[in-house]
Amino acid sequence: MSLLVGGVLSANEQAAVCAALAAQQDKVDAVLKRLITHRYAVETRVIFFHGKAHDFGCVVDVRPKDKHLGDVPLCFVGNRPAYGPLTSVNVDFGMNMAEKMGGGDGNGCMAALLQLFAHWLGVWLREVGGQSFAFPCLMAFHQYLEKGYYHLQAGNVIV
Numbered sequence: 002m003s004l005l006v007g008g009v010l011s012a013n014e015q016a017a018v019c020a021a022l023a024a025q026q027d028k029v030d031a032v033l034k035r036l037i038t039h040r041y042a043v044e045t046r047v048i049f050f051h052g053k054a055h056d057f058g059c060v061v062d063v064r065p066k067d068k069h070l071g072d073v074p075l076c077f078v079g080n081r082p083a084y085g086p087l088t089s090v091n092v093d094f095g096m097n098m099a100e101k102m103g104g105g106d107g108n109g110c111m112a113a114l115l116q117l118f119a120h121w122l123g124v125w126l127r128e129v130g131g132q133s134f135a136f137p138c139l140m141a142f143h144q145y146l147e148k149g150y151y152h153l154q155a156g157n158v159i160v
């Protein structure tokens, strides 16, 4: 699986990241199962995964959105809508990103890692039944992949 353009990560680093992700599969499984079994509001049109990178990986919040990517309530408490993430997951890439990014192409390295993670998450979502899930799942990263969203079920970037 070579998603990494320009040799930003070595083959060994890419394999290490894939192994680190595989070791966290149970944690990600719980997030995806919650995603698939949640009862969504009628306004829901897309499930949005928003990732924020940190020194060792990223945190991903999962939120239902409407057709304009506005927030949709998770539930109602009495007559009041309750908003926020449906779930979130903290994923460790198995390497110190502060050290790796200090080497010159920090943004390229992080973008490559996040794209690898999005691809891995999309494959895993399809494995647990996400291909037949009622809503498209789109992923974006704070400050990275600014030209579009990664469509997890389709496995590609859309603009």
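So for the sequence shown, this note's numbering puts the first residue at 2; every next one is plus one.
Glycine included, each C-beta is placed from N, C-alpha and C at the ideal position.
Does DSSP put residue i in a helix, a strand or coil?
i	result
H55	strand
A83	strand
D62	strand
N91	strand
A42	coil
L139	strand
H120	helix
N157	strand
D72	strand
V18	helix
V29	helix
Assuming residue i and residue j make a contact with CB atoms under 8 Å, what is their CB distance in whole Å?
i	j	result
V9	E44	The Cβ separation is near 39 Å, so there is no contact.
G123	G156	5 Å
V60	S89	6 Å
By how many angstroms is the C-alpha of residue j removed from the C-alpha of residue i?
i	j	result
A83	P65	12 Å
R35	F50	14 Å
N80	D56	41 Å
V78	T38	20 Å
G71	A119	22 Å
Q116	H69	24 Å
K12	Q25	First, the residue type needs correcting, since residue 12 is Ala and not Lys in the sequence shown. Cα to Cα, the separation comes out at about 20 Å.
V92	A16	16 Å
D67	M96	36 Å
A23	G52	18 Å
Return the chain-ordered list of same chain residues with a C-beta closer than 6 Å to the C-beta of residue i, the five sequence neighbours on each side being excluded.
i	result
Y150	L139, A141 and I159
A54	M111
W121	L22
Using a Cβ-Cβ cutoff of less than 7 Å, which residues in the same chain neighbour residue i once the five nearest sequence positions on both sides are dropped?
i	result
F94	V18, A21, F57, G58 and L114
V63	V32, L36, I48, F50, P86, L87, T88 and S89
K28	V90
C1	With the chain running from 2 to 160 in the structure shown, residue 1 is simply not present.
Suppose the cutoff is 8 Å on Cβ atoms and the five residues either side in sequence are ignored; what does the same chain contact list for residue i look like?
i	result
F136	Y41, T45, R46, V47, I48 and P65
Q154	G123, L126, R127, G131, Q132, F134, P137 and C138
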